[in-house]
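A.B. asks: The sequence shown begins at 839 in the numbering used here and counts up one residue at a time.
We treat Cβ as the ideally placed atom computed from N, Cα and C, and that holds for glycine.
Quick one: this structure, given as structure tokens, is what I'll be asking you about.
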Amino acid sequence: MKVSVDRSLCYGSAECAHRAPAVFAFEDGYGVVRPGAAQAADDPRTREAVREAAEKCPSQAIAVTEREG
Ligand code: SF4
């Protein structure tokens, strides 16, 4: 799973950091992807939380790419 936040779209609601704190942090008023997010997303519950964070991000700033296979 590859996760990114488009800072030009993010308006800093911090919801991603609340939904999936293992993967997102809130820094300087923006949601950011933590270093090591890919490893954290190996956990199925974390993956689900990341998908939900992307879906519910009010500015659609989160992109999630599922790895094939
Ligand atoms: S949920 Fe979306 S708008 Fe809110 S901080 Fe995260 S990326 Fe930014």
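Name the DSSP beta bridge partners of residue 868, please?
C.D. replies: The sequence position of residue 868 within the sequence shown is 30, counting from 1. Residue 868 pairs with 865.
A.B. asks: Might you give, ordered along the chain, the residues of its own chain that have their beta carbon closer than 7 angstroms to the beta carbon of residue 904, omitting 5 neighbours on each side?
C.D. replies: Residue mapping note: residue 904 aligns to position 66 of the sequence shown, counting from 1. Same-chain partners within the cutoff: 839.
A.B. asks: Would you mind giving the Cβ-Cβ distance between residue 899 and residue 869, rounded to the nearest angstrom? I have them listed as a contact below 8 angstroms.
C.D. replies: The sequence position of residue 899 within the sequence shown is 61, counting from 1. The sequence position of residue 869 within the sequence shown is 31, counting from 1. Correct: roughly 7 angstroms between the Cβ atoms.
A.B. asks: Is the beta carbon of residue 875 within less than 7 angstroms of some heavy atom of the ligand SF4?
C.D. replies: Here residue 875 refers to the residue found at position 37 of the sequence shown. Because no heavy atom of the ligand SF4 lies under 7 angstroms away, the Cβ of residue 875 does not count as near it: no.
A.B. asks: With burial defined as no fewer than 16 other Cβ atoms inside 10 Å of the residue's Cβ, what is the status of residue 857: buried or exposed?
C.D. replies: Along the sequence shown, read from residue 1 onward, the residue named residue 857 stands at position 19. The residue in question, residue 857, is buried, as its Cβ has 16 or more Cβ neighbours within 10 Å.
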